[in-house]
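Numbering (the working numbering), first residue to last: 107 to 218. Cβ atoms here follow ideal geometry from the backbone N, Cα and C, with glycine treated the same way. Report on the following structure.
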C-alpha cells in the first residue's frame, strides 16, 4: 500500500485528556475517551462543565461505562449527550431503562 493511501485510513487519533480549558490545544482529529466517573465528577463544577461543553463543540469525545458495572447496568446517556459527548458506549448485554429514551429514572436527578 502506498504511504499516501495509508494516510487516508486514519481520520482520528485517540489522545489523553490534558484538560479542557482554553490553554489546552487539541488537533481537530484528536478524540478523547473518558470514563463516566471522570465526566460526572467534572460536570459538578460549573467552570469545568463550561470548558468541557466548549471543547465538545469542536472536538470528538467518547464516554465509556466505569469498570465496576459488572452487572452490565447502564448510566443514562442523555446526561452525556446534553453536554456534547458524541459517542456514548453502553452495556448492551441486557435490556434496561437506560436504553429506552422515552423513560427516565425517578430516583436519580440529572447532572445537567
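Quiz prompt | Three-state class that DSSP yields for residue 189 in the structure shown | solution = If you number the chain shown from 1, residue 189 lands on position 83. For residue 189, the three-state secondary structure derived from DSSP is coil.
Practice problem: Drop a sphere of 10 angstroms on the beta-carbon of residue 111, count the other beta-carbons inside from all chains shown, and report buried for 16 or more, exposed for fewer. | Solution: For the purposes of this step, residue 111 is identified with residue 5 of the chain shown, where counting begins at 1. That one is exposed.
Quiz item: Roughly how far, in whole angstroms, is the beta-carbon of residue 146 from the beta-carbon of residue 126, given that I think they are within contact range, below 8 angstroms?
Solution: As a working mapping, residue 146 is identified with position 40 in the chain shown. As a working mapping, residue 126 is identified with position 20 in the chain shown. Not quite, the Cβ-Cβ distance comes to about 15 angstroms (not below 8 angstroms), so this is no contact.
Quiz item: How close, in whole Å, do the beta carbons of residue 118 and residue 144 come, if the pair is a contact with beta carbons under 8 angstroms?
Solution: Locating residue 118 in the chain shown gives position 12, counting from the first residue. Locating residue 144 in the chain shown gives position 38, counting from the first residue. The pair is not a contact, with the Cβ atoms about 20 angstroms apart (cut-off 8 angstroms).
Quiz item: Count the other CB atoms within 10 Å of the CB of residue 116; is the residue buried (16 or more) or exposed (fewer)?
Solution: Numbered from 1 along the chain shown, position 10 holds the residue referred to as residue 116. Flag for residue 116 reads exposed.
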